[in-house]
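Undergrad:
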Amino acid sequence: GETLLDWVTSGGAERYTAESELWAFGIDPSIGTSSLSVGEKRRAALAKAFAEAPDLIFLDEPTNHLDIFAIETLEDRLRAFRGGALIVSHDRTFLERVTQRCFWLYDRRILRLDSGYAAFDEWAAKVEAETAESLRRLEKAIERETYTFYRSITAQRTRNEGRAARLRAMRTDHAERIRSMDKPMDMAIDSGSISGRLVAQLRHVDKAFGDKVLLKNFSTRIMRGDRLAIVGPNGAGKSTLVKLLIGQMPADAGEIKLGTNLDVAYLDQGRDALKGDETLWDVLANSGSDSIMVRGQPRHVAAYAKDFLFREKQLRQPVKTLSGGERNRLQLARALAKATNLLVLDEPTNDLDIDTLDLLEDMLADYDGTLILVSHDRDFIDRLATSTLALNGNGGAAETPGGWQDFIRQNPDFFAEISRTEALKIKATPKAAPTPVKTAAKKLSYKDQKRLEDLNALMPRWAAEIKTLEKALEDPTLYSRDPKRFDATMKKLDALRAELEAGEMEWLELEEKRESLIS
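Number 67 in our numbering belongs to position 60 of the sequence shown; there are no gaps in the numbering.
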């Protein structure tokens, strides 16, 4: 079959140059073209583009499906490239590093900034302020012209027709300018009922697929309110780790414990939850009704879809006709409709424009639940994450407080054991770390072990009772019908919440004690 080298040289590139570019992007030139992942196809296409040494290269969302290492390679190639580059991208860090000027499609115009993207936000704010003032002046002019037109209604017909035409033109111009302005999406998320203090804990977990070791003796703990970013090369196991953390996949070895009262919303990287033949209407209202429950309140499907910039005529179109950005918005719409105290986003920024990305960031900043985020967007991670967990693709992992830049500062050598090319490739047969020889482990006392087992049984029961009481209090007529029952329910709910909180703290202390005895 055709190899990648054959494909790259088919465009006229020299063989040596083609090989060099493919290796630079971490791809073996001898592999076939039929078994590539989405990320590998993207890297191969970039290698082909640079190998042909064009005068101008056009890149449309080039960082989608690339990991951070591939993006940094692309940045290096662009800085060394002697031709011109026209780039469409939502990746702000990428744009800041490679651009020298910007074009902005705004208010029916193409505006030019003779500086790189680093200066864009300040410039755009001034443009928006000037545009708002221009629209205000146009609205005043329409008011004056309308007043003059009706006062001169008895004047000559030709004069009235002239004024009417001018008024229609002004109103049309105003309407078109308003329509051309980006309408923000109306995004918000309800964290619903409070989860337990512990959200998830992995202890000494191993996970592999065949000879490919993703996690080796891995431990982590996620607490309520954490904002965890997971980073690493493509193929390092980021999505696998997410599925372990939310109980969708078993570990090969080790222990996984999920917290209590978890309401999980999961936006997966492949958008697998969307079926191509379903319509947008079907996706949002699975029952086929005209309404969808949005954070506990019924809303018409068309009105809710409009919040996410979908037109009414799109609602009967199949999902397979949507663009990547529209599919992303549709999954966000579905995920944000229900209350969730654990939000899991796997590459949420793919195909989103910068304005929508800003709104998503604002929404997540206001979200008071727990967030697990897999992303290659360094700026997005730096703005949102309270801790960053990195996988190196050979079973190794490291976690530090803060975002991507904080992680690199604190772990400058974490990825040093593999070159950037190896980080891009992530060999299928890495050497597994040797299994340490352990001495006989000490155990908890009988009393502590018994209490730990009791808490494991009690905490889910308390969480279930809390959920039942919260459901009862959702009845808006309860207080007016039976004030005593309302007060008793509130007191019982407060007591149970306090009991669960204390139980979780005790459970964590016992778990830490047990772990210290084992290690």
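Cβ atoms here follow ideal geometry from the backbone N, Cα and C, with glycine treated the same way.
1. With DSSP as the reference, identify every bridge partner of residue 273, one or two as the case may be.
2. Less than 8 Å separating the beta-carbons of residue 73 and residue 46?
3. When the Cα atoms are used, what is the spatial distance from residue 108 to residue 501?
4. Just the Cα atoms here: how many angstroms apart are residue 306 and residue 234?
5. What's the call for residue 372, buried or exposed, on a 16-neighbour Cβ count within 10 Å?
6. Mapping DSSP to helix, strand and coil, what is residue 230?
7. Please confirm whether residue 367 and residue 359 have their CB atoms less than 8 Å apart.
8. Count the C-beta pairs between the region 341-358 and the region 377-394 that are closer than 8 Å, then say yes if the count reaches three, no if not.
9. So if DSSP puts residue 213 in a beta bridge, which residue, or which two residues, is it bridged to?
10. Under the assumption that residue 290 contacts residue 341 (Cβ atoms under 8 Å), give the Cβ distance between them as a whole number of angstroms.
11. Where DSSP assigns a beta bridge to residue 207, which residues make up the other side?
12. Would residue 97 pass as a contact of residue 388 if the rule is Cβ separation under 8 Å?
13. Ignore the nearest five residues each way along the sequence and tell me which others in residue 8's own chain have a CB closer than 8 Å to its CB.
14. Let me know the secondary structure DSSP gives residue 325 once reduced to three states.
15. I'd like to know if the region 322-330 and the region 240-248 are in contact, where contact means that at least 3 CB-CB pairs between them fall below 8 Å.
16. Tell me which same chain residues have a C-beta within less than 7 Å of the C-beta of residue 125, skipping the five on either side of it?
17. Work out the CA separation of residue 343 and residue 503 for me, nearest whole Å.
18. Taking all protein chains shown into account, do 16 or more other C-beta atoms lie within 10 angstroms of the C-beta of residue 463, making it buried, or fewer, making it exposed?
19. Does the beta-carbon of residue 26 have 16 or more other beta-carbons within 10 angstroms, so that it is buried, or is it exposed?
20. Going by Cα to Cα distance, which pick from 466, 363 and 237 is closest to residue 393?
21. Hey, which unbroken runs of the beta strand (DSSP E) at 3 residues or more fall wholly within the region 337-411?
22. Alpha carbon to alpha carbon, what distance is there between residue 323 and residue 297?
23. Measure the CB-CB distance between residue 401 and residue 421 and report whether it falls below 8 Å.
24. Using 8 Å for Cβ pairs, my map puts residue 51 next to residue 11. What's the rounded Cβ distance?
25. Evaluate residue 312 with the Cβ neighbour count: other Cβ atoms within 10 Å of its Cβ, from every protein chain shown; 16 or more gives buried, anything less gives exposed.
26. Using only CA atoms, which one of 474, 513, 346 and 100 lies nearest to residue 460?
27. Would a C-beta distance cut-off of 8 Å place residue 349 and residue 200 closer than the cut-off?
28. Helix, strand or coil: which one does DSSP assign to residue 296?
29. Can you tell me whether DSSP reads residue 520 as helix, strand or coil?
30. Excluding the five sequence neighbours on either side, which residues of its own chain have a C-beta within less than 7 Å of the C-beta of residue 224, listed in chain order?
31. What are the boundary residues of the beta strand (DSSP E) that residue 74 is part of?
32. From what residue to what residue does the beta strand (DSSP E) around residue 311 run?
33. Mapping DSSP to helix, strand and coil, what is residue 415?
34. Does the beta-carbon distance from residue 197 to residue 346 come in below 8 Å?
35. Considering Cα atoms alone, identify which of 507, 36 and 480 is closest to residue 496.
36. Taking the CB atoms as reference points, tell me whether residue 207 and residue 221 lie closer together than 8 Å.
TA: Taking the definition as stated:
1. 351
2. yes
3. 58 Å
4. 30 Å
5. exposed
6. strand
7. yes
8. yes
9. 260
10. 6 Å
11. 229 and 265
12. no
13. 39, 40 and 41
14. strand
15. no
16. 103
17. 28 Å
18. exposed
19. buried
20. 237
21. 349-353, 377-381, 394-398 and 404-408
22. 12 Å
23. no
24. 6 Å
25. buried
26. 513
27. no
28. coil
29. helix
30. 211 and 213
31. From DSSP, residue 74 is part of no beta strand (DSSP E); its letter is neither H nor E.
32. Looking at the DSSP string, residue 311 is not in any beta strand (DSSP E); the run it does join, the alpha helix (DSSP H), is 308-314.
33. helix
34. yes
35. 480
36. no
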